[in-house]
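Residue numbers (the numbering used here), protein chains in the order written: chain A, 195 to 506; chain B, 195 to 506.
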């Protein structure tokens, strides 16, 4: 039994390496020397941009407040968010040089001799964005309007997890809708997008399955958090095959945070209760990789309906 | 005389604060609590996206290799690039947590008590991208084809320089063409884009002036580098007013690096000489800010020709 699980893992790893090689040799992505960091071709970006617009179009009825953030967030907001408690291992902290000319000269000598040269680098007030919705909660701080708020955000996100699985990039784009309001507001939003995201994926040829999921919490304590998250069904994912039918990968994630962010950022409903929040996030690189796997490396020969939906 | 210079600087600073306030109060950008890091509205992104496409369309005759990179580059390539020698103060180094559960608990206690908590963070193999062209040189390593290479790249860039000038963002998008070849290839490219970029800006109502410029090199030694750069006319900028007619800000930058990157990354021409490189970069946020200043905060009422060019 253990042997067969180990064999299966080996087969999945081999399939992932094979798909990565195919993506590289067909020029869909370009190697940068760092696992999980790639250049993207014009075709890749057209497909990704097409799905990104499809996410926007599919949410027109949401009357969302549209905001686009750069790939960094304020360290102060990050500290309040609780991320460091659950995901220290995925965090990207931005450090800057604070030194004089003598320190600079010393640093260049260390670089020259192959030593660690970042001794004069100290933490700045910026952290790499862990998820596209993080900049939204601090700015919703205070009392919500009667029907709460709903945001449309998209940004690059960072997760420090170098991997040779092409679907596990360290830096990737996530397009999210974020709902902030009463528990009822938020549950309706979640139910709506569970259906809608599945239909969206289906319309571009991705046969997705909804599964209850958990976040990759840090440490042994994290296992308890994960079990509780599953038990309460707080996280759903839409999973599809990317490198191989043997392994399903999340391409959409739908998270109900209960009052976590409401408490952390002092967001209250019009009735004075702590606001609840939920978000649905589309992983744009993963969806693009799944589309290339299903339809092949030549978007111009993809099914007409898919090309129309993606504006290709 | 000194008084009048000081007065002028004060007036420029005041105009910049005033434009920043107007952008914020009109919802064009959103405050994040960190100077130089903003959320962007749907209108801002439409205008920026429109100019971004205009850059692509304006370079169709270049037959560029199109690549899009995430906002990070490999530390090893960064080290080879020489950036740390000239611009240590602008560098953003990405650090990740390397610790066990005990270290994590200690870190959370430090966070709780307001202490610096990044002691268990160490440098990763990633650096924030300093300029959109940086990922290109390592991948052009080796012998070039007969006519050299030409790339079209766009990415977020990072400069660690918090500022209340809305045009000086810490994270911003730059769309570049990059030429790699003989000195003759590269000079022709530079001359072409000096004319073309000026005409492009003019066509959207920005009256740009070309000036010889220098980079903000670090330290006293940097002043010598800057003087030499100006003397050899290696850097041109297209400057326009952004916050005030009293101060001109670069929105396009055209840099001739001579054999700097060719040497650093072992790029050689078909004749076996060290390759020369040049790039022309369009600062997309700055161009967008200049457009809002010239045409107002309502893109739907901008001149028809400008809206057509930008696809608005």
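For glycine and all other residues, C-beta sits at the position ideal for the given N, C-alpha and C.
Does the beta carbon of residue i come closer than 8 Å to any beta carbon on chain B?
{"i": "residue 350 of chain A", "result": "yes"}
{"i": "residue 291 of chain A", "result": "yes"}
{"i": "residue 227 of chain A", "result": "yes"}
{"i": "residue 365 of chain A", "result": "yes"}
{"i": "residue 207 of chain A", "result": "no"}
{"i": "residue 201 of chain A", "result": "no"}
{"i": "residue 239 of chain A", "result": "yes"}
{"i": "residue 413 of chain A", "result": "yes"}
{"i": "residue 438 of chain A", "result": "no"}
{"i": "residue 325 of chain A", "result": "no"}
{"i": "residue 236 of chain A", "result": "yes"}
{"i": "residue 331 of chain A", "result": "no"}
{"i": "residue 340 of chain A", "result": "no"}
{"i": "residue 279 of chain A", "result": "yes"}
{"i": "residue 288 of chain A", "result": "yes"}
{"i": "residue 282 of chain A", "result": "yes"}
{"i": "residue 317 of chain A", "result": "yes"}
Can you tell me where the alpha helix (DSSP H) with residue i in it begins and where it stops?
{"i": "residue 330 of chain A", "result": "330 to 333"}
{"i": "residue 296 of chain A", "result": "295 to 306"}
{"i": "residue 262 of chain B", "result": "Not the alpha helix (DSSP H): residue 262 of chain B falls in the beta strand (DSSP E), residues 259 to 262."}
{"i": "residue 362 of chain A", "result": "It is not in any alpha helix (DSSP H) - residue 362 of chain A carries neither H nor E in the DSSP assignment."}
{"i": "residue 281 of chain B", "result": "Careful: residue 281 of chain B lies outside any alpha helix (DSSP H) and carries neither H nor E."}
{"i": "residue 502 of chain A", "result": "498 to 504"}
{"i": "residue 422 of chain A", "result": "413 to 425"}
{"i": "residue 398 of chain A", "result": "Per DSSP, residue 398 of chain A belongs to no alpha helix (DSSP H) and is neither H nor E."}
{"i": "residue 488 of chain A", "result": "478 to 489"}
Which term fits residue i, buried or exposed, when burial requires 16 or more other beta carbons within 10 angstroms of its beta carbon?
{"i": "residue 286 of chain B", "result": "buried"}
{"i": "residue 257 of chain A", "result": "exposed"}
{"i": "residue 403 of chain A", "result": "exposed"}
{"i": "residue 505 of chain B", "result": "exposed"}
{"i": "residue 275 of chain A", "result": "buried"}
{"i": "residue 418 of chain B", "result": "exposed"}
{"i": "residue 498 of chain A", "result": "exposed"}
{"i": "residue 414 of chain B", "result": "exposed"}
{"i": "residue 437 of chain B", "result": "buried"}
{"i": "residue 490 of chain B", "result": "exposed"}
{"i": "residue 353 of chain B", "result": "buried"}
{"i": "residue 271 of chain B", "result": "buried"}
{"i": "residue 389 of chain A", "result": "exposed"}
{"i": "residue 396 of chain A", "result": "exposed"}
{"i": "residue 349 of chain B", "result": "buried"}
Determine which residues share a DSSP beta bridge with residue i and list them.
{"i": "residue 471 of chain B", "result": "B:374, B:452"}
{"i": "residue 225 of chain B", "result": "B:232"}
{"i": "residue 443 of chain B", "result": "B:434"}
{"i": "residue 367 of chain B", "result": "B:350"}
{"i": "residue 317 of chain A", "result": "A:289"}
{"i": "residue 337 of chain A", "result": "A:462"}
{"i": "residue 381 of chain B", "result": "DSSP output for residue 381 of chain B lists no bridge partner at all."}
{"i": "residue 457 of chain A", "result": "None; residue 457 of chain A has no bridge partner."}
Between which two residues does the beta strand (DSSP E) holding residue i run?
{"i": "residue 409 of chain A", "result": "Unbroken run through residue 409 of chain A: none, as it is neither H nor E."}
{"i": "residue 268 of chain A", "result": "266 to 268"}
Pick out whichever of the options has its Cα sitting closest to the Cα of residue i.
{"i": "residue 367 of chain B", "options": "B:324, B:373, B:377, B:268", "result": "B:324"}
{"i": "residue 267 of chain A", "options": "A:305, A:249, A:329, A:284", "result": "A:329"}
{"i": "residue 321 of chain B", "options": "B:310, B:284, B:314", "result": "B:284"}
{"i": "residue 211 of chain B", "options": "B:491, B:230, B:197", "result": "B:230"}
{"i": "residue 359 of chain B", "options": "B:213, B:467, B:198", "result": "B:213"}
{"i": "residue 355 of chain A", "options": "A:443, A:436, A:348, A:228", "result": "A:228"}
{"i": "residue 427 of chain B", "options": "B:365, B:385, B:489", "result": "B:385"}
{"i": "residue 331 of chain B", "options": "B:425, B:461, B:378, B:263", "result": "B:461"}
{"i": "residue 296 of chain A", "options": "B:405, B:293, B:282", "result": "B:282"}
{"i": "residue 406 of chain A", "options": "A:443, A:248, A:439, A:416", "result": "A:443"}
{"i": "residue 308 of chain A", "options": "B:248, B:273, B:422", "result": "B:273"}
{"i": "residue 429 of chain A", "options": "A:409, A:440, A:439, A:416", "result": "A:409"}
Would you say residue i reaches chain A, if we count a Cβ-Cβ gap shorter than 8 Å as a contact?
{"i": "residue 303 of chain B", "result": "no"}
{"i": "residue 285 of chain B", "result": "yes"}
{"i": "residue 261 of chain B", "result": "yes"}
{"i": "residue 298 of chain B", "result": "yes"}
{"i": "residue 231 of chain B", "result": "yes"}
{"i": "residue 428 of chain B", "result": "no"}
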